[in-house]
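The structure under discussion appears below in the form of structure tokens.
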Amino acid sequence: MGQADKPTDWITMKIEPEIFEELGVRDPEETKREMAISKKTRQIRKELKSDPDNQELLLELATLMIDGCAYDEAIKQLITLRNKNPKNPRVYKLLGTAYVLFNHEEEALIEMNRARELAPDDVEIYFNLGGLYLLRDMFTSAMDSFEKVIELDPTDTMAYANLAAAYDMLKLYDKSIISLRKVLMFNPEDKELRAALSNAYFNAERYEEAIDAAQVVVEIDDKDPQAFCNLGNCYSVLSMVDDAIGAFKQASELAPDYSLPHTNLGTLYANMGRPETALKEFKLAVGMNPQDTAAWLNLYNCYKEVGLMEDSQNAYRKYEALMEAPALASTGATEGENPSNIPGGVSQTGGYAGGGDMDGNAPGMEALTDEEPGTS
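Going left to right, the sequence shown walks through residues 314 to 689 as the working numbering numbers them.
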């Protein structure tokens, strides 16, 4: 048994929240956070009993309500504070935050813009506005907001990343590249930003630079199947067929149940004039992911090319059904669920062996969704 003055052999490590979800138990860190919010809330309420009109205490209480996900309560309190003091930008900023977290984005825009008018040099307001504009697919306004953040604080790395996402959605790929290169000066090992840079180079048709950036992603994490898919896409567009096939097969080995490498590999074989080989890959893809619209469309094209017309029509009907499903459900959906994310991660594009149109495949807006690549 070790002496008391010697370090213990036990090691404390942080467990990811997803582990607790899988086990069906609560994350102790989350429980600890909720208890801290509850304790602080009780303290503020106690202080308000003796000073019920204290604006700072009331704002702190509203902030705690937001932190505790009591958005409805927070909104009611902040509206009361706004009516009492209509010139306080912090009230509007908090109210806008509560609205956006409560999925009332139009109201959030009104309150955030009022905060901006009252505090034109508040970096946080412009940052929050930029994220809100991304959520609303208002990419020009998002660009303007994040450019203002950087003007006020040139060291805000997250603003550069989000600005790159806005540029990308506006197809201003060269500007996106500049922004990503700047933020990577601060975070050179950030895998997602490196992948976004590769994607931006790809969209700007700077393919050799796209390969260089994609190779860096693989060097950072050689166990990431998506990184190999991206690298394969880059090789494909320059007709580096053997390298592309090797990258897609490496992705499949790393993630045997992942459909994207098979969709991309099938796309490559189809563009090489090998429809029978492509068919095998697309069938594997839809077997793993029946929602893969690109694979179904490619199956339709390949079946038609080899003369299997009935199979071709069946594949097309499946493709049509999948394409119509989002449209039917869209009336109740929130616009742009992902644009608040930093440019991210991975290219969802399918690189064509002879070059191709990459419209709509933007880094960082991956939920901004998980679309798979495809041919036309």
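Built from N, CA and C at the ideal position, the CB exists for glycine as well.
For residue i, the three-state DSSP class (helix, strand or coil)
i    : result
N611 : helix
D450 : coil
Y571 : coil
T307 : Residue 307 falls outside the range modelled here, since the chain spans only 314 to 689, and no answer is possible.
N398 : coil
S643 : Any reading at S643 must be qualified, since the residue scores a pLDDT of 41, below 50, and its modelled position is unreliable; the value itself is stated next. Of the three classes helix, strand and coil, the one that applies to S643 here is helix, per DSSP.
D624 : helix
N441 : helix
V619 : coil
L485 : coil
E505 : helix
N500 : coil
A478 : helix
D385 : helix
M553 : coil
D605 : coil
M585 : coil
A638 : helix
Q316 : For Q316, the pLDDT reaches just 45, beneath the cut-off of 50, and the residue's location in the model is therefore unreliable, leaving the point undetermined.
N434 : In the sequence as presented, Asn is not what sits at residue 434; that position holds Asp. Note: D434 maps to coil in three-state DSSP.
A513 : helix
Endpoints, alpha helix (DSSP H) assigned at residue i
i    : result
D380 : 368-380
Q539 : 538-550
V413 : 402-414
M425 : 418-431
V529 : 520-533
P341 : 341-363
M601 : 588-601
Residue nearest to residue i in terms of C-alpha spacing, selected from the options
i    : options                : result
A478 : I423, D457, A383       : D457
V462 : F440, L445, M482, N475 : F440
P538 : R630, N546, P574, S489 : P574
G579 : W609, E623, D481, F515 : W609
Y632 : Q528, S492, Y613       : Y613
C615 : G600, S552, L581       : L581
A467 : E420, L485, S492       : In the sequence as displayed, the identity of residue 467 is Pro instead of Ala. If we check each option's Cα against that of P467, S492 comes out closest.
G444 : F415, R427, T410       : T410
A557 : C547, E566, S565       : C547
C261 : E360, T393, T354       : Outside the displayed range of the chain (314 to 689) lies residue 261, so it cannot be described from this structure.
E589 : Y571, S565, K617       : K617
Q604 : A591, N577, A638       : A638
Cβ-Cβ separation, residue j to residue i (assumed contact under 8 Å), whole Å
i    : j    : result
L448 : L407 : Actually they do not touch by this definition, with Cβ atoms about 18 Å apart.
V550 : M585 : Not confirmed; about 13 Å, so no contact.
E424 : Y412 : 6 Å
P402 : D435 : 7 Å
Y446 : A432 : Incorrect: roughly 18 Å between the Cβ atoms, too far for contact.
I357 : L377 : 7 Å
Min CB distance residue i to chain D below 8 Å
i    : result
P538 : Any reference to chain D falls outside this structure, which holds one protein chain only.
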